[in-house]
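>
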Ligand SMILES: NC(=O)C1=CN([C@@H]2O[C@H](COP(=O)(O)OP(=O)(O)OC[C@H]3O[C@@H](n4cnc5c(N)ncnc54)[C@H](OP(=O)(O)O)[C@@H]3O)[C@@H](O)[C@H]2O)C=CC1
Ligand SMILES: O=C(O)C1=N[C@H](C(=O)O)C[C@H](O)C1
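Numbering (the UniProt record's numbering), first residue to last: 1 to 267.
#1: Going by Cα to Cα distance, which pick from 77, 225, 3 and 7 is closest to residue 29?
#2: Just to confirm before moving on: does the CB-CB distance between residue 32 and residue 20 stay below 7 Å?
#3: Where does residue 29 fall in DSSP's three states?
#4: Residue 183 by DSSP, collapsed to three states: which one?
#5: So within the region 85–155, which uninterrupted alpha helix (DSSP H) runs reach at least 4 residues, ignoring any that extend past its ends?
#6: I want to check one thing, is the minimum distance from the CB of residue 103 to the heavy atoms of ligand 2 below 6 Å?
#7: How many Å lie between residue 234 and residue 213 at the Cα?
#8: Residues in its own chain within less than 7 Å of residue 114 by CB, not counting five upstream and five downstream?
#9: For residue 331, which option in 126, 167, 201 and 228 has the closest C-alpha, if you only look at C-alpha atoms?
#10: For the beta strand (DSSP E) holding residue 77, just list the boundary residues, first then last.
#11: Label residue 69 either buried or exposed according to how many other C-beta atoms from any shown protein chain fall within 10 Å of its C-beta, with 16 as the threshold for buried.
#12: Tell me the residue span of the alpha helix (DSSP H) that contains residue 15.
#13: Could you say which of 241, 264 and 260 lies nearest to residue 23 if we only look at CA atoms?
#14: Mind checking residue 93: buried by the 16 CB within 10 Å criterion, or exposed?
#15: Could you check how far apart the C-beta atoms of residue 74 and residue 95 are, in whole angstroms? I think they sit under 8 Å.
#16: Take residue 162 and list the residues in its own chain whose beta-carbon comes closer than 7 Å to its own, dropping the five residues that flank it on each side.
#17: Measuring alpha carbon to alpha carbon, tell me which residue in 148, 50, 57 and 82 is nearest residue 198.
#18: Could you check if residue 30 belongs to the surroundings of ligand 2, using beta carbon to heavy atom distance under 6 Å?
#19: Could you check whether residue 130 and residue 166 sit closer than 7 Å to each other, using their CB atoms as the reference points?
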């Protein structure tokens, strides 16, 4: 049995992760962590998540949580994830993170930690989105440079990063196949007399509102026709199940930085 600590356990993903860990054979919830001063500290994590009483009180003692766990699941924010990685590295524990919004420098720091412990970091843990990454590669390969590429993502009004980590990865996947540097060709902003679209650019558009879980569409737009590859998340449960699956997969893996493509055998 693997002991799992969930960080950000009272959050939108944290509560769904509690259900997923409890439902996954081979995993047991050892600790549920929130930040210092969180109003629900001390309350039972199972009751917070609507999963029934689990006898696991919400705590802010990260060090004790890591010491008691085999693996951490972290769906928080880059700064919090980097701190969690530092504590995991000190204790020699594994980490699964779905956090998004990392800067290039922060990604580099993640890579450094992953030289000493096994880490899964993926902007999207659903099987559907990971299948879409493969479909996008194939579409870009077939369509080549003749089609303009635009990525549009929609999320709830509480999301802090933009564009979503998934949208960025979709842009990166297509850019790589087309032999372009995503950081050079991503266009996040069109306003006023901004000029005609360049041939190489990949437009990155963001919509925020209400309770949209997460929707992504990549448009390949040609002369007289267009292809749209879309994914719509209808709940957060498949992200959470993906993270639980990643924990099981990590068992016995050597230190390294892994992705959901590795977990699902798609890499
Ligand atoms: N990879 C994937 O498949 C998916 C990734 N995500 C990503 O997961 C992340 C979280 O999203 P979401 O659940 O919607 O966000 P939430 O804000 O609902 O959850 C984050 C939780 O982390 C808590 N937190 C903040 N600081 C700390 C800390 N220092 N220690 C412990 N807990 C802390 C927050 O508490 P408080 O609110 O009090 O600050 C909150 O409860 C985002 O980066 C999002 O993009 C989301 C869905 C799927
Ligand atoms: O913040 C969210 O909610 C989500 N974030 C992830 C991302 O940024 O790609 C994945 C999912 O779409 C939900």
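The beta carbon of each residue, even a glycine, is placed where N, CA and C say it ideally should be.
Checking against the coordinates, here is how it stands:
#1: 3
#2: no
#3: strand
#4: helix
#5: 104–113 and 127–143
#6: no
#7: 6 Å
#8: 255, 256 and 257
#9: Only positions 1 to 267 of the chain appear in the structure, and residue 331 is not among them; the question remains open.
#10: Premise fails: residue 77 is in no beta strand (DSSP E) and is neither H nor E.
#11: buried
#12: 12–23
#13: 241
#14: buried
#15: 6 Å
#16: 206
#17: 148
#18: no
#19: no
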